[in-house]
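J.:
In the numbering used here, the protein residues as written are 5 to 66.
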């Protein structure tokens, strides 16, 4: 959830930067959007690992 929020905030900063021709703000927005993408990917990976561990646990109990 936080990853998506960071991506959105980054895009908003980029749009504001384009309107004001502010390169620093644009760079901040790009960085924040990229960080959001990374955070989302890490979260997705953690979720998959958790699901795999849960599946292994169920198979061991049998």
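Where is the CB? At the ideal position from N, CA and C, for every residue including glycine. Since the structure is predicted, the reported quantities are computational estimates derived from the model, not experimental observations.
Can you look up residue 62 in the DSSP assignment and give me helix, strand or coil?
T.: By one-based count along the chain shown, residue 62 stands at place 58. Helix.
J.: For my contact list, residue 22 and residue 28 are in at a C-beta cut-off of 8 Å; report their separation, rounded to the angstrom.
T.: Working through the chain shown from its first residue, we reach residue 22 at position 18. Working through the chain shown from its first residue, we reach residue 28 at position 24. With a Cβ gap of about 13 Å, residue 22 and residue 28 do not count as contacting.
J.: Once DSSP output is grouped into helix, strand and coil, what is the label at residue 26?
T.: In the chain shown, residue 26 corresponds to position 22, counting from 1. The answer is coil: DSSP assigns residue 26 none of H, G, I, E or B.
J.: When the distance is taken between beta carbons, is residue 8 closer than 8 Å to residue 44?
T.: In the chain shown, the residue the question calls residue 44 occupies position 40. In the chain shown, the residue the question calls residue 8 occupies position 4. Yes, the Cβ-Cβ distance between residue 44 and residue 8 is below 8 Å.
J.: Nearest to residue 19 by CA position, among 37, 57, 5, is which residue?
T.: Sequence index remark: in the chain shown, residue 19 carries index 15 (1-based). Among 37, 57, 5, the Cα nearest to that of residue 19 belongs to 37.
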